[in-house]
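Residue numbers 162 to 448, in the working numbering, belong to the letters of the sequence shown in order. The C-beta atom is built at its ideal place from N, Cα and C for all residues, glycine as well. This report refers to the structure that appears directly beneath it.
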Amino acid sequence: MSLVTQTDGPRPVAEAPKADAFVTLARRRKVFILIMRIAVLAVILGGWELGVRFNLIDPFFFGQPSGIAEKLVEWITEGTSIGPLWYQIWVTIYEACAGFLIGAVLGILCGVALGRNELLSDIFSIYVKVANSIPRVILGSIFIVAFGLGAASKVALAVVMVFFVVFANAFQGVREADKTLISNARVLGASRWQITRSVVIPSATSWILASLHVSFGFALVGAIVGEFLGAKQGVGLLIATAQGAFDANGVFASMIVVGAVALIAEAMLTWLEGQLLSWRPERVAGE
162 MSLVTQTDGP RPVAEAPKAD AFVTLARRRK VFILIMRIAV LAVILGGWEL
212 GVRFNLIDPF FFGQPSGIAE KLVEWITEGT SIGPLWYQIW VTIYEACAGF
262 LIGAVLGILC GVALGRNELL SDIFSIYVKV ANSIPRVILG SIFIVAFGLG
312 AASKVALAVV MVFFVVFANA FQGVREADKT LISNARVLGA SRWQITRSVV
362 IPSATSWILA SLHVSFGFAL VGAIVGEFLG AKQGVGLLIA TAQGAFDANG
412 VFASMIVVGA VALIAEAMLT WLEGQLLSWR PERVAGE
């Protein structure tokens, strides 16, 4: 007696409605999340505005949503006290992006090099730990003294902010590479560089891309902190100017501008991650 197992053939018709149900459920979930996000924001802003109007919140210290909106409209239409708003945003984006790119490249190169070479790791690890422990504000002051009030000092601070985040993830991603795949590649005669390029770096890609999501925020913080300490242009200087004038609405308006830039950058990095990791199999719903 033999058992015959059918391995090939058309997929069951019942799977199509099930897939459609998953798609519909996913769309409904996205709509629900969007509605809830808007509702939370409306509650916060509405409560804030009502608190000011009923004298429960002092607008001198905490501002008010309507005043912040007016300030943003004024900056967009008439410009800020230090120049056009779009130019301030451009200066900060330029400094953050330059620092992000330089810091990310250096972090990846150093992380992969030290992750693949145990001797280099043992020699330089102590210096990396010491450098990472130095407060960034102190470094910002040093960079301003060394490079002046221009963009160079802000880029340098952004590089430092990004480097250690990317370096740590790249280093750990290299160390977590599949040892079996590395051994098999060696058996097949692959050189050390071929193993690094074909096995180690792809294995560490997820770690590196995860760090990029966080590190751009650090680059933006580095640029703004540098501008806050001393600058000729930029959103950080705009915040410092509003603070000096005790303009709470101006400070919060600057924060909204920074948040918008960060969200746009996050969306771009998410798209880039999807392009670079398109080789990964999609997760099945419910897993």
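Exercise for the section: Under 8 Å by Cβ, that's how I've got residue 314 and residue 387 pegged, so tell me the actual separation to the nearest angstrom. Expected result: As a first step, residue 314 is located in the sequence shown; it is residue number 153 there, counting from the start. As a first step, residue 387 is located in the sequence shown; it is residue number 226 there, counting from the start. The pair is a contact, with the Cβ atoms about 6 Å apart (cut-off 8 Å).
Practice task
Would you tell me roughly how many angstroms separate the C-alpha atoms of residue 341 and residue 324, rounded to the nearest one?
Solution key: Counting from one through the sequence shown, the residue named residue 341 turns up at place 180. Counting from one through the sequence shown, the residue named residue 324 turns up at place 163. One C-alpha to the other measures close to 30 Å.
Exercise for the section: Whole angstroms is fine: what's the gap from residue 187's alpha carbon to residue 370's? Expected result: Walking along the sequence shown from the start, residue 187 turns up at place 26. Walking along the sequence shown from the start, residue 370 turns up at place 209. The straight-line gap from Cα to Cα measures roughly 25 Å.
Practice task
Indicate the three-state DSSP secondary structure (helix, strand or coil) for residue 350 in the structure shown.
Solution key: Translated into the one-based positions of the sequence shown, residue 350 becomes position 189. Correct three-state label for residue 350: coil.
Exercise for the section: Taking residue 411 as the reference, give the member of 195, 238, 242 and 303 with the closest Cα. Expected result: What you label residue 411 is simply residue 250 of the sequence shown in a count that begins at 1. Closest in alpha carbon position to residue 411, among 195, 238, 242 and 303, is 242.
Exercise for the section: State the DSSP-derived secondary structure class of residue 395, mapped to helix, strand or coil. Expected result: By 1-based counting over the sequence shown, the position of residue 395 is 234. It is coil, neither helix nor strand.
Exercise for the section: Let me know if residue 425 comes out buried or exposed under the rule of 16 or more other beta-carbons within 10 Å of its beta-carbon. Expected result: Counted from its first residue, the sequence shown places residue 425 at position 264. Residue 425 should be labelled exposed.
Practice task
Just grab the DSSP bridge partners of residue 244 for me.
Solution key: In the sequence shown, the residue the question calls residue 244 occupies position 83. In the DSSP assignment, the residues bridged to residue 244 are 241.
Exercise for the section: Go through its chain and collect everything with a Cβ distance to residue 375's Cβ below 8 Å, but skip five positions before and after it. Expected result: For the purposes of this step, residue 375 is taken as residue 214 along the sequence shown, with counting starting at 1. Excluding the 5 residues flanking it on each side, residue 375 has same chain C-beta neighbours closer than 8 Å at 326, in chain order.
Problem - Inter-residue CB distance, residue 394 and residue 252 (contact presumed, cutoff 8 Å) - result: For the purposes of this step, residue 394 is taken as residue 233 along the sequence shown, with counting starting at 1. For the purposes of this step, residue 252 is taken as residue 91 along the sequence shown, with counting starting at 1. Taking a contact as a CB-CB distance under 8 Å, the pair residue 394 and residue 252 counts as one, their CB atoms being some 5 Å apart.
Handout entry: Segment contact flag, the stretch 287-302 with the stretch 341-354, C-beta cutoff 8 Å, min 3 pairs
Key = The stretch 287-302 makes no contact with the stretch 341-354; the number of CB pairs closer than 8 Å stays below 3.
Handout entry: Span of the alpha helix (DSSP H) around residue 333
Key = If you number the sequence shown from 1, residue 333 lands on position 172. Counted as a single uninterrupted DSSP element, the alpha helix (DSSP H) harbouring residue 333 occupies residues 312-336.
Handout entry: Cα-Cα separation, residue 198 to residue 260
Key = Taking the sequence shown and counting its residues from 1, the one referred to as residue 198 is at position 37. Taking the sequence shown and counting its residues from 1, the one referred to as residue 260 is at position 99. Their Cα atoms are separated by approximately 32 Å.
Problem - Assigned exposure category for residue 322 - 16 Cβ within 10 Å defines buried - result: If you number the sequence shown from 1, residue 322 lands on position 161. Sixteen is the threshold: when 16 or more other Cβ atoms of the shown chains lie within 10 Å of the Cβ of residue 322, as they do, the residue is buried.
Exercise for the section: Rank 417, 431, 430 and 429 by C-alpha distance to the C-alpha of residue 230 and give the top, closest one. Expected result: In the sequence shown, the residue the question calls residue 230 occupies position 69. Checking every option, the nearest Cα to that of residue 230 belongs to 417.
Problem - C-alpha gap between residue 279 and residue 270, whole angstroms - result: Taking the first residue of the sequence shown as 1, we reach residue 279 at position 118. Taking the first residue of the sequence shown as 1, we reach residue 270 at position 109. Cα to Cα, residue 279 sits roughly 15 Å from residue 270.
Problem - Assigned secondary structure, residue 309 (DSSP; H/G/I helix, E/B strand, else coil) - result: Mapped onto the sequence shown, residue 309 falls at position 148. Note: residue 309 maps to coil in three-state DSSP.
Handout entry: Residues of its chain near residue 195, where Cβ-Cβ distance is below 8 Å and the 5 sequence neighbours each way are ignored
Key = Here the question's residue 195 lines up with position 34 in the sequence shown. Counting only residues of its own chain and dropping the five nearest sequence neighbours on each side, residue 195 has no CB closer than 8 Å to any other CB.
Exercise for the section: Measuring alpha carbon to alpha carbon, tell me which of 208, 250 and 289 ends up nearest residue 268. Expected result: In the sequence shown, counting from the first residue as 1, residue 268 sits at position 107. When C-alpha distances from residue 268 are compared across 208, 250 and 289, the shortest belongs to 289.
Problem - Reduced DSSP category for residue 181 - H, G, I as helix; E, B as strand; rest coil - result: Here residue 181 refers to the residue found at position 20 when the sequence shown is read from its first residue. Three-state result, residue 181: helix.
Problem - residue 328 versus residue 272 - alpha carbon distance - result: Taking the sequence shown and counting its residues from 1, the one referred to as residue 328 is at position 167. Taking the sequence shown and counting its residues from 1, the one referred to as residue 272 is at position 111. The alpha-carbon atoms of residue 328 and residue 272 are separated by roughly 5 Å.
Exercise for the section: Can you tell me which of the three DSSP states residue 446 falls into? Expected result: Taking the sequence shown and counting its residues from 1, one reaches residue 446 at position 285. Caution is warranted here: a pLDDT of 42 is assigned to residue 446, below 50, making its placement in the model unreliable, and no coordinate value can be reported.
Problem - Endpoints, alpha helix (DSSP H) assigned at residue 389 - result: Taking the first residue of the sequence shown as position 1, residue 389 is located at position 228. Taken as a continuous stretch (DSSP letters only), the alpha helix (DSSP H) holding residue 389 covers 362-390.
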